[in-house]
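What follows is one structure encoded as C-alpha cells, with my remarks underneath.
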Amino acid sequence: MLFSEIVERPLDAIKMLVPSCLYVIQNNLLYVALTNLDAATYQVTYQLKILTTAGFSVVLLKKRLGSLQWISLLFLVVGVSLVQIPNETSNMKRFWKFPSGPQSVGFVAILVACFSSGFAGVYFEKILKGTLQSLWIRNIELGIFGMGLGLAAVILNDLPAVRAKGFFQGYTYIT
Numbered sequence: 003m004l005f006s007e008i009v010e011r012p013l014d015a016i017k018m019l020v021p022s023c024l025y026v027i028q029n030n031l032l033y034v035a036l037t038n039l040d041a042a043t044y045q046v047t048y049q050l051k052i053l054t055t056a057g058f059s060v061v062l063l064k065k066r067l068g069s070l071q072w073i074s075l076l077f078l079v080v081g082v083s084l085v086q087i088p089n090e091t092s093n094m095k096r097f098w099k100f101p102s103g104p105q106s107v108g109f110v111a112i113l114v115a116c117f118s119s120g121f122a123g124v125y126f127e128k129i130l131k132g133t134l135q136s137l138w139i140r141n142i143e144l145g146i147f148g149m150g151l152g153l154a155a156v157i158l159n160d161l162p163a164v165r166a167k168g169f170f171q172g173y174t175y176i177t
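In my numbering, the protein residues as written are 3 to 177.
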C-alpha cells in the first residue's frame, strides 16, 4: 500500500516538497535564532508563529476569524513587543532602533521561521483537505522528503566535520 501511494503517484507526493523544505529551513533558522538570542526572547518571539498561521489561514484557506480571535492575536503581538522592551530606562533609546549584531541575526531568523512555520502548516492543511490520501501517508511523505533535504544540507555544509568526527559528533548516550 505504501509503495502504491507514494511511488506510483509521484505528483501527489511532490506536493509535500514545499512544506518539507520549509520545515527543514525553519529548523535551521530556529537553531540560528537560539544561538543569537537569549532563551526568553527566543521563546516569546517564536509565539508569533500563531499570528502568521492565522494570517495564512485567512488568506489561503479563506477562514474567517471572529472578533475575539483578532483581539487575542493583538494581545499576542503586544505581549511579544513588551518582551523586547529593555528593563532599564537608559536602554530605551536602543529600543527604538533595530537590534544590531548577533541579536539582529537571531531576530530576523526567528521572524522568517515564524512565517515559514505558518505557511508550511497552512499549506499542509490545504493539501490534506484537497486529497483522498490519508494523513499518515502524507506524514510519511513529509518525513521522507524532510530526511532527504536535511541530509543534503548536512552534506553541503558539514561533510568535512562528519567525515572527521562522525555523524553523531557532540551527542552523548543521553542525547
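Don't be surprised by glycine CBs; every beta carbon is placed ideally from N, CA and C. Remember, it's a predicted structure, so these values are computed and weren't measured experimentally.
| Asked | Found |
| --- | --- |
| Per-residue burial, F5 [other beta carbons within 10 Å of its own, 16 or more giving buried] | exposed |
| Three-state secondary structure assigned by DSSP to Q135 | coil |
| Length at least 4, wholly inside the stretch 51–76: the alpha helix (DSSP H) runs in chain order | 51–62 |
| Collapsed DSSP secondary structure at Q171 in the structure displayed | coil |
| Where P21 falls, given that 16 or more other Cβ within 10 Å makes a residue buried | buried |
| Per-residue burial, N38 [other beta carbons within 10 Å of its own, 16 or more giving buried] | buried |
| Cβ pair Q28, V82 closer than 8 Å | no |
| N- and C-terminal bounds of the alpha helix (DSSP H) containing Q28 | L19 to N38 |
| For R11, three-class secondary structure by DSSP | coil |
| Three-state secondary structure (DSSP) of I87 | coil |
| Buried versus exposed call for A154 [16 or more other C-beta atoms within 10 Å across all chains shown] | exposed |
| Limits of the alpha helix (DSSP H) - the one that Q45 falls within | A41 to T47 |
| Meets three-Cβ-pair contact criterion under 8 Å: the stretch 42–62 and the stretch 109–121 | yes |
| Top-ranked residue by Cα proximity to V107, from I176, T174 and Y44 | Y44 |
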